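When we follow the numbering used here, the leftmost residue of the sequence shown carries the number 2, and every step to the right adds one.
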Amino acid sequence: MATAFDLEIDQMDVKTTFLHGDLEEEIYMKQYEGFIKEGKEKLVYKLNKSFYGLKQSPRMWYQQFNTYILGLYFVHSNVDHCIYMQQIVNDFIIIILYVDDMLLIENSNKMVNVVKSLLAQQFDMKDLGLANYILGM
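Structural data, given as structure tokens:
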């Protein structure tokens with residue numbers, strides 16, 4: 002579609018993706034070896050945020066991103082809930098999210114710069130510029 006309509010495709014990457022999600026359930030974990038204090042060997046950690054390795058982390062990240070992007074008046078694609086679209090008069094932008102990688106397809110440099118700025122304010126992002134390689138392709 003981008004090629005057919007001669008649209009720009011930018012790419013962004015979310016750094017430390019799974020550290021953005023807030024946990025909905027109570028999760029406890031054992032203390033790491035080397036960090037156990039004498040007399041407190043039986044204590045555990047209560048997690049407040051998701052992190053890499055938790056089964057809930059991808060879902061928590063998606064919920065965090067989804068809530069934020071819908072709050073910016075983007076809408077889901079009817080086909081895939083990881084595709085978000087926004088149109089203002091003749092300008093539009095499409096965001097395709099794949100875990101922590103994003104493609105931004107747009108017909109307006111002005112609009113993409115605003116969206117990139119808003120995403121970077123909320124999440125730790127790396128702007129990779131024009132896309133030339135994603136998901137091994």
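Glycine is no exception: its CB is placed at the ideal position from the N, C-alpha and C atoms.
The structure presented is a predicted model; accordingly, all values stated were derived computationally and were not measured.
Taking the straight line between their C-alpha atoms, what separation do you get for Gln123 and Met13?
Counting from 1 along the sequence shown, the entry for residue 123 is found at position 122. Counting from 1 along the sequence shown, the entry for residue 13 is found at position 12. For Gln123 and Met13, the gap between their C-alpha atoms comes out near 13 angstroms.
Is DSSP giving Gln88 helix, strand or coil here?
As a working mapping, residue 88 is identified with position 87 in the sequence shown. Note: Gln88 maps to strand in three-state DSSP.
Ordered along the chain, which non-local residues of its own chain (more than five positions away) have a Cβ less than 6 angstroms from that of Glu26?
Within the sequence shown, the letter at position 25 stands for residue 26. Excluding sequence neighbours, Glu26 sits near nothing in its chain.
Report back the beta-carbon spacing between Ile94 and Ile70 to the nearest angstrom; my notes put them in contact at under 8 angstroms.
Here residue 94 refers to the residue found at position 93 when the sequence shown is read from its first residue. Here residue 70 refers to the residue found at position 69 when the sequence shown is read from its first residue. The pair is not a contact, with the Cβ atoms about 11 angstroms apart (cut-off 8 angstroms).
Measure from the alpha carbon of Lys41 to the alpha carbon of each residue in Lys31, Leu48, Asn49, Lys111, then state which is nearest.
Taking the first residue of the sequence shown as position 1, residue 41 is located at position 40. Residue Lys31 is the option with its Cα nearest to Lys41.
With distances taken between CB atoms, is the gap from Asp125 to Val15 smaller than 8 angstroms?
The residue you call residue 125 lines up with position 124 of the sequence shown. The residue you call residue 15 lines up with position 14 of the sequence shown. Val15 sits close to Asp125, with the two beta carbons spaced by under 8 angstroms.
Helix, strand or coil for Ile37? Go by DSSP, reduced to three states.
Along the sequence shown, read from residue 1 onward, the residue named residue 37 stands at position 36. Three-state result, Ile37: coil.
Do Asp92 and Asn108 have their C-beta atoms within less than 8 angstroms of each other?
For the purposes of this step, residue 92 is identified with residue 91 of the sequence shown, where counting begins at 1. For the purposes of this step, residue 108 is identified with residue 107 of the sequence shown, where counting begins at 1. Yes, the pair counts as a contact, with Cβ atoms nearer than the cut-off.
Which value, in whole angstroms, describes the spacing of the CA atoms of Lys111 and Lys56?
The count along the sequence shown starts at 1 and reaches residue 111 at position 110. The count along the sequence shown starts at 1 and reaches residue 56 at position 55. If I take the Cα positions, the gap works out to 38 angstroms.
Is the separation between the beta-carbon of Leu131 and that of Asp11 shorter than 8 angstroms?
Translated into the one-based positions of the sequence shown, residue 131 becomes position 130. Translated into the one-based positions of the sequence shown, residue 11 becomes position 10. Result yes, Cβ atoms of Leu131 and Asp11 sit closer than 8 angstroms.
For Asp7, I'd like the list of residues in its chain whose CB is within less than 8 angstroms of its CB, leaving aside the five on either flank, ordered along the chain.
Indexing the sequence shown from 1 puts residue 7 at position 6. Same-chain partners within the cutoff: there are none.
Taking the straight line between their C-alpha atoms, what separation do you get for Tyr29 and Leu48?
In the sequence shown, counting from the first residue as 1, residue 29 sits at position 28. In the sequence shown, counting from the first residue as 1, residue 48 sits at position 47. The straight-line gap from Cα to Cα measures roughly 6 angstroms.
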